[in-house]
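Same order as they appear, the protein sequences are chains A and B. Counting in the working numbering, the first sequence runs from 21 upward without gaps. Counting in the working numbering, the second sequence runs from 79 upward without gaps.
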Amino acid sequence: MAEKQPKPEDLAQVDYRPPKKGWMDPHVDFRKGTYCYSALAKNIEYLGMPNPRDWQPFNADWKLPPNWKQIILDGMKDRLEKYRSFRLFMDICVRCGACADKCHFYVGSGDPKNMPVLRAELIRSVYRRYFTPAGKAFGALAGGRELTEDVIKEWFYYFYQCTECRRCSVFCPYGIDQAEITMIGRELLNLLGLNINWVIEPAANCFRTGNHLGIQPHGFADSIGFAVDELEEITGVRVEAPINRKGAEVLFVTPSADYFGTPHYYTLLGYLQLFHEIGLDYTWSAFAGEGGNFGLFTSHEMIKRLNNKIYAEAKRLGVKWIIGGECGHMWRVIHQYMDTMNGPANFLEVPKSPITGTVFENAKSTKMVHITEFTSDLIRNGKLKLDPTRNDHWNVTFHDSCNPARAMGLFEEPRYVIKNTCRNFHEMPENTIREQTFCCGSGAGLGTDENFEMRMRGGLPRANAVKHVHETKGVNVLSCICAIDKANLSTLMEYWVPGVEVAGIHEFVGNALVMKGEKERTTDLRGTPLRGKEAAHA
Amino acid sequence: MSALYSLLTVLVLILLAYFGVASAHLGVLFGTVIPFAAIAVFLAGLAYRVVKWANTPVPFRIPSTCGQQKSLPWIKQGRLESPSTALGVLGRMALEVLLFRSLFRNTKAELRDGPRLVYGENKWLWLGALAFHWTFLVIFLRHLRFFMEPVPRLVNLLADVDGFFQVGAPVLYVTDLVILAALLYLLFRRLRDPQIRYISLFTDYFALFLLLGLAGSGVLMRYFTRADIVAIKELAIGLVTFSPVIPKEVGPLFFVHLFLLCVLLAYFPFSKLMHAPGVFLSPTRNLANNNRMKRHVNPWDYPVKVHTYAEWEEEFHDKIKAAGLPLDRE
Chain A
21 MAEKQPKPED
31 LAQVDYRPPK
41 KGWMDPHVDF
51 RKGTYCYSAL
61 AKNIEYLGMP
71 NPRDWQPFNA
81 DWKLPPNWKQ
91 IILDGMKDRL
101 EKYRSFRLFM
111 DICVRCGACA
121 DKCHFYVGSG
131 DPKNMPVLRA
141 ELIRSVYRRY
151 FTPAGKAFGA
161 LAGGRELTED
171 VIKEWFYYFY
181 QCTECRRCSV
191 FCPYGIDQAE
201 ITMIGRELLN
211 LLGLNINWVI
221 EPAANCFRTG
231 NHLGIQPHGF
241 ADSIGFAVDE
251 LEEITGVRVE
261 APINRKGAEV
271 LFVTPSADYF
281 GTPHYYTLLG
291 YLQLFHEIGL
301 DYTWSAFAGE
311 GGNFGLFTSH
321 EMIKRLNNKI
331 YAEAKRLGVK
341 WIIGGECGHM
351 WRVIHQYMDT
361 MNGPANFLEV
371 PKSPITGTVF
381 ENAKSTKMVH
391 ITEFTSDLIR
401 NGKLKLDPTR
411 NDHWNVTFHD
421 SCNPARAMGL
431 FEEPRYVIKN
441 TCRNFHEMPE
451 NTIREQTFCC
461 GSGAGLGTDE
471 NFEMRMRGGL
481 PRANAVKHVH
491 ETKGVNVLSC
501 ICAIDKANLS
511 TLMEYWVPGV
521 EVAGIHEFVG
531 NALVMKGEKE
541 RTTDLRGTPL
551 RGKEAAHA
Chain B
79 MSALYSLLTV
89 LVLILLAYFG
99 VASAHLGVLF
109 GTVIPFAAIA
119 VFLAGLAYRV
129 VKWANTPVPF
139 RIPSTCGQQK
149 SLPWIKQGRL
159 ESPSTALGVL
169 GRMALEVLLF
179 RSLFRNTKAE
189 LRDGPRLVYG
199 ENKWLWLGAL
209 AFHWTFLVIF
219 LRHLRFFMEP
229 VPRLVNLLAD
239 VDGFFQVGAP
249 VLYVTDLVIL
259 AALLYLLFRR
269 LRDPQIRYIS
279 LFTDYFALFL
289 LLGLAGSGVL
299 MRYFTRADIV
309 AIKELAIGLV
319 TFSPVIPKEV
329 GPLFFVHLFL
339 LCVLLAYFPF
349 SKLMHAPGVF
359 LSPTRNLANN
369 NRMKRHVNPW
379 DYPVKVHTYA
389 EWEEEFHDKI
399 KAAGLPLDRE
C-alpha cells in the first residue's frame with residue numbers, strides 16, 4: 021500500500037460529538053482512505069450501464085448527464101411504486117435513534133451521517149421535498165431538502181460507506197432496513213454512472229467469465245487441479261474434482277475467492293476432501309464458477325443478471341440439486357432472491373442427501389443447500405470419521421457473517437460443525453454474535469485498499485470482540501463462512517488483533533476428516549505441524 | 079431551534095383555541111366544524127396512505143432473521159424470531175406491536191480507552207415508548223365514557239383499575255401521571271442526547287409538544303379546573319350522533335384540549351405518526367423466513383440481459399478445449 025496507514029491507537033480516538041453545522045448541509049470532504057475509486061468506463065460499458073466515463077470522486081466535476089436531476093427523481097418515483105419496503109421506510113421512521121450506535125461505521129467513525137437513521141434521512145429528505153405534500157409546502161421545516169449535485173456526492177460517499185449488513189434493522193422498532201435503502205440509493209446512483217470499481221469490475225468479470233477475478237476456463241481448471249495435487253501431498257489421497265460434467269447429481273457453487281484467495285483456499289481443500297470421502301456424485305462449473313453476486317451491491321437487475329447462471333447451468337448439466345459453499349452475501353441472494361428472480365427451478369429435485377437420505381425440506385423450492393447444512397447433517401448421522409485433535413492447535417471463535425445471520429438465520433449449523441471438528445471453541449460476547457453480529461467492515465464491495473481507513477474503522481467493533489476472546493480465552497483463530505470476511509478479517513486482525521488467524525469452517529472439517537487410505541498427517545492443510553507431530557514433520 | 083419552533087407552534091395553537099372560544103366566541107368552529115373536518119382528514123388520509131402502501135408490491139421476501147432458521151429437524155428453530163409459518167409471523171408481529179420487541183434489544187455502545195467497546199443495557203427508550211403508547215391507549219378507551227350512554231362495563235372497569243390507588247378526588251388516574259412522565263422523558267432524551275438532538279426535526283418535537291399539550295390540558299381540566307363533565311359529555315355525544323350542540327358551560331380549556339386532538343388527527347396521516355399502521359406492513363417483519371421452501375413471486379418481474387452458456391463457450395472455446403473440459407459444440 022502506497023498510502024501511509026493511520027495507526028490503530030490514533031484510529032481508536034473517535035470523536036462522537038456531532039458537528040456544529042446541521043446535517044442538511046450536504047458537503048462532503050472526500051478524504052483519502054475513506055472512499056473507493058470510481059468504476060472504470062470499460063466495466064460500465066461491458067455491462068451496458070449508463071454514463072461510462074473517466075472520473076474520480078475527488079474531482080470537482082463528476083460529469084453527470086445534463087438531466088441528472090430528472091433521472092434521479094424519475095428513478096425514485098419508479099422505485100417508490102415498485103418497492104413497498106422503500107416507500108414505507110421513507111415514511112415511517114420516527115428518528116428514535118435506536119439504530120444509531122448499532123452501525124459499525126458509526127461506532128468506528130463517529131460521523132453522524134453513519135448513523136443508519138441519518139444515512140436514510142439523506143435520501144428521505146429528498147423524498148419529502150419532492151414526493152410529499154408537507155415537504156413540497158414547507159420544505160426544510162418539514163424535513164425536506166433540495167436535490168443538488170452536492171447531495172448526489174453525499175449519497176455516493178455514505179451509500180458506499182454502508183455494508184448492507186442489516187444490523188440496524190434488527191434493532192429498529194419498525195424493521196427499517198438500511199440495507200434496503202442503500203441498495204435503492206446505489207441503484208439510483210448507478211443511473212448516473214456512479215459506482216465504484218471494486219464492485220463493478222467483479223460484476224463485469226463475473227458476467228463475462230463466470231467469476232469475479234476474470235479467470236478463464238483453463239485457469240479455473242488449473243486452480244482446481246492444483247488444489248487436487250496439493251491435497252494429495254498433504255493427505256496421500258488423490259481426489260476427483262470434475263468440472264462441467266453432465267449428469268452429476270449435485271452442482272457445487274462457491275465464491276471464486278475459495279479457489280484463488282488465502283485463507284479461502286484451505287476451505288476449498290476441505291470441500292474437496294469431504295466430497296471425495298463421502299463419494300458425492302458432483303461437479304464444479306467453470307461457467308457458474310461464482311457464488312458471490314456483486315449485483316447485490318449494484319442493482320436488483322444486476323443481481324438477477326449475474327444469478328441467472330446458477331440455475332441455467334444446473335439445467336444444462338442436468339443435475340438434481342445444488343450445494344452452495346461458504347459465502348455471505350451470496351447466501352442472501354440464494355436465500356432471498358434467487359428463486360423469485362430466476363426460478364421456479366422445476367427442473368431440479370428436492371435436495372436429498374445421497375449419504376444420509378435426509379431430505380432438505382427447508383430448500384424444497386429453491387433446491388439449493390448450504391454446505392454447513394449438508395455437512396452438519398452428515399456429522400449428525402455419523403457419516404464422517406473425524407479426529408478433532410488435529411485442530412487442537414486452533415482455539416476457535418466464530419464470526420456470524422452478516423447475511424447468513426440476518427437474512428437467513430443460519431446460526432446453529434456452522435457451530436455444530438465447528439464443535440464436532442474442533443475441541444477449543446469460545447463464543448464472542450453475545451452483543452456481537454448471531455443476529456447481533458458485527459460486519460467485518462468491508463462488505464458490500466468496500467474491501468478495497470484505498471478505503472483502508474474506513475474499513476478499519478468499520479471493523480473496529482468486530483475486531484474488539486475478537487480481541488476480548490483473544491485476551492481472555494486465548495482464541496487464535498476467527499472462523500467464518502463468508503469469502504469477503506475471509507479476505508477482510510485477515511487484514512482487520514492484522515491491524516487490530518495481531519496473532520489471530522482467519523479460517524473457513526471447512527478447513528477445520530478438512531483437518532479433522534479421517535480419509536480412507538490417507539497417510540499419517542503431520543501437518544494441517546496450511547502446512548503447519550500438528551500438535552505432537554512437530555518432530556515427525558521435521 | 080426546531081424544538082423551540084415546535085413549542086411556539088403548539089403554544090400558538092393553544093392560544094388560538096383558547097381565545098378563539100373565550101374572546102371571539104368561535105365555539106361552533108372549534109366544537110363542531112374543526113372536529114368533523116379533522117376526523118374526515120384523519121380517516122381519509124389514513125385510508126389513502128395505507129391503501130397506497132398496500133398497493134405497492136413486495137417484490138422480494140426480505141425478512142430480517144433474528145433467530146435460527148427452520149432447517150434440519152434436530153436444530154431448534156427460533157419460531158418467533160425467524161418464523162417460517164403464518165402463525166409464527168403473527169406471533170412475531172404481536173411481540174413487535176404489543177411489546178416493542180425490537181426496541182427491547184436496545185443497547186448502548188461505548189468506546190473506552192484501549193480501545194475497548196462495551197455494550198450496556200439501555201431499556202429506557204423501550205420503557206418510555208411502551209409506557210407512552212399503552213397509557214395513550216388506556217386513556218383513549220377511558221374517554222369512551224364521554225361518547226357512550228350507558229357507559230360500557232369494560233370502560234368503567236378500566237377506569238376503576240386505572241384509579242386503583244384511590245388518591246384524591248377526583249380519583250387520580252395512574253395513566254395520567256405515566257403518560258406525562260413518558261412524554262417528558264421522550265422529550266428530555268431528544269434534547270439531552272447530542273446525537274438524537276442532531277437528527278431531530280421540527281416534526282419530532284412538534285408531535286411530542288402536541289401530545290404533551292393534549293395530555294396536559296386534560297390533566298388540568300380533570301384535577302385543577304374541574305371541567306363540567308356533564309356539559310362536555312353532551313357536546314361529545316352531540317358530535318358522534320351528528321347532532322352537534324355547544325353547551326355554554328363548557329370552558330375554553332376544553333376547546334384547547336379538543337383542538338389539540340383535532341390537530342393531532344389531521345396531522346397524523348401526513349407525518350411520521352404513520353409508523354403506527356406502517357409497522358404492520360414492514361416487509362422485514364411481517365414475512366415468513368420460508369424463502370427456500372416456498373417461492374415468492376415478484377409481480378413486476380421482467381426479463382434481463384444475461385450471458386448464456388452458449389455465448390460463454392463460444393468466446394472461450396479453445397481454452398475450454400485445451401483445458402480438457404467438455405464442450406457442448408465441438
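Every residue, glycine too, gets a C-beta built ideally from N, C-alpha and C. Predicted, not measured: the structure shown is a model, and the values here were computed from it.
ask   = Is it a yes or a no for the segment 95–102 of chain B touching the segment 333–344 of chain B, going by three-plus beta-carbon pairs under 8 Å?
value = yes
message = Which residue marks the beginning of the alpha helix (DSSP H) containing E253/A, and which one marks its end?
response = Note, E253/A: alpha helix (DSSP H), 237–255.
task = Flag this pair as yes or no: are the beta carbons of L181/B and P193/A separated by less than 7 Å?
result = yes
task = Please state whether DSSP places S58/A in a helix, a strand or coil.
result = strand
ask   = Taking Cβ to Cβ, would you say T386/A is nearer than 7 Å to R127/B?
value = no
query = chain C partners of C144/B, CB-CB under 7 Å?
reply = This model lacks chain C altogether; the protein chains it does include are A and B.
7 Å Cβ cutoff met for G309/A and F240/A = yes
query = Do D238/B and V297/B have their CB atoms nearer than 7 Å?
reply = Annotated as distal: D238/B and V297/B, with beta-carbon spacing of 7 Å or more.
message = Classify H47/A: buried if its beta carbon has 16 or more other beta carbons within 10 angstroms, exposed otherwise.
response = exposed
ask   = Between the segment 105–131 of chain A and chain B, which residues of the former have a C-beta closer than 7 Å to a C-beta of the latter?
value = Listed in sequence order: S105, R107, L108, D111, I112, C113, V114, R115, C116, G117, A118, A120, D121, V127.
key: Straight-line gap, A306/A to M476/A (C-alpha atoms, nearest Å)   = Using only the alpha carbons, I get a separation of about 34 Å.
task = Please classify E554/A: is it buried, with 16 or more other beta-carbons within 10 angstroms of its beta-carbon, or exposed?
result = Exposed.
query = What residues match up with Y285/A in a beta bridge as DSSP calls it?
reply = For Y285/A, which the question treats as bridged, DSSP gives no partner whatsoever.
request  = To the nearest angstrom, report how far apart T457/A and A507/A are at their CA atoms.
outcome  = 18 Å
ask   = From R482/A to P371/A, what distance separates their C-alpha atoms?
value = 35 Å
ask   = Mind pulling the chain A residues with CB within less than 8 Å of L181/B?
value = C116, A118, F191, P193
task = Output the distance between the C-alpha atoms of N3/A and K41/A, rounded to the nearest integer angstrom.
result = The question about residue 3/A has no answer, for chain A in this structure spans 21 to 558.
query = What does G524/A pair with, by DSSP beta-bridge criteria?
reply = Beta-bridge pairing links G524/A to C500/A.
ask   = Who are F418/A's beta bridge partners in DSSP?
value = According to DSSP, F418/A bridges with S499/A.
request  = Under 6 Å Cβ to Cβ from G604/A, same chain only, skipping five residues before and after it: list those, please.
outcome  = It is not possible to answer for residue 604/A, since the shown part of chain A is limited to 21 through 558.
query = For the segment 302–324 of chain B, which residues have a CB atom closer than 8 Å to at least one CB atom of chain A, in sequence order?
reply = none
ask   = According to the Cβ coordinates, are L545/A and V520/A closer than 7 Å?
value = no
query = Taking Cβ-Cβ distances shorter than 7 Å, what residues in chain B pair up with V137/A?
reply = Neighbours of V137/A across chain B, judged by C-beta separation under 7 Å: I277.
Under 7 Å from the C-beta of V34/A: neighbouring residues of chain B = L189
query = Does DSSP put A22/A in a helix, a strand or coil?
reply = Its pLDDT being 47, under 50, A22/A is placed unreliably by the model, and the measurement read from it follows with that caveat. A22/A falls in the coil class under three-state DSSP.
query = Taking any Cβ of chain B, which residues in the segment 317–340 of chain A have a Cβ under 8 Å from it, in chain order?
reply = H320, E321, K324, R325, N328, K329, A332, E333, R336
request  = For chain A, find out if any of its Cβ atoms is closer than 7 Å to the Cβ of A400/B; answer yes or no.
outcome  = For A400/B, at least one C-beta of chain A is nearer than 7 Å to its own C-beta.
As assigned by DSSP and simplified to three states, the class of Y357/A = DSSP places Y357/A in helix when its eight states are reduced to three.
ask   = What is the C-beta distance between I216/A and S58/A, in whole angstroms, given that I count them as a contact (C-beta under 8 Å)?
value = With a beta-carbon spacing of about 6 Å, I216/A and S58/A fall inside the 8 Å limit used to define contacts.
query = V382/B CB to nearest chain A CB: under 7 Å?
reply = yes
message = Between the alpha carbons of P153/A and A260/B, how many angstroms are there, rounded?
response = 31 Å
request  = From the DSSP output, in three-state form, read off K383/B for me.
outcome  = coil
key: Nearest candidate by alpha-carbon position, reference T282/A, set A32/A, Q33/A, T511/A   = It is T511/A.
query = Which whole-angstrom value describes the C-beta separation of G130/A and E473/A, a residue pair presumed to lie in contact below a C-beta threshold of 8 Å?
reply = Going by Cβ atoms, the distance from G130/A to E473/A rounds to 13 Å, so no, they are not a contact pair.
ask   = To the nearest angstrom, how far is it from the Cα of I217/B to the Cα of L232/B?
value = 13 Å
message = Checking the sheet assignment: what are the DSSP bridge partners for T134/B?
response = For T134/B, which the question treats as bridged, DSSP gives no partner whatsoever.
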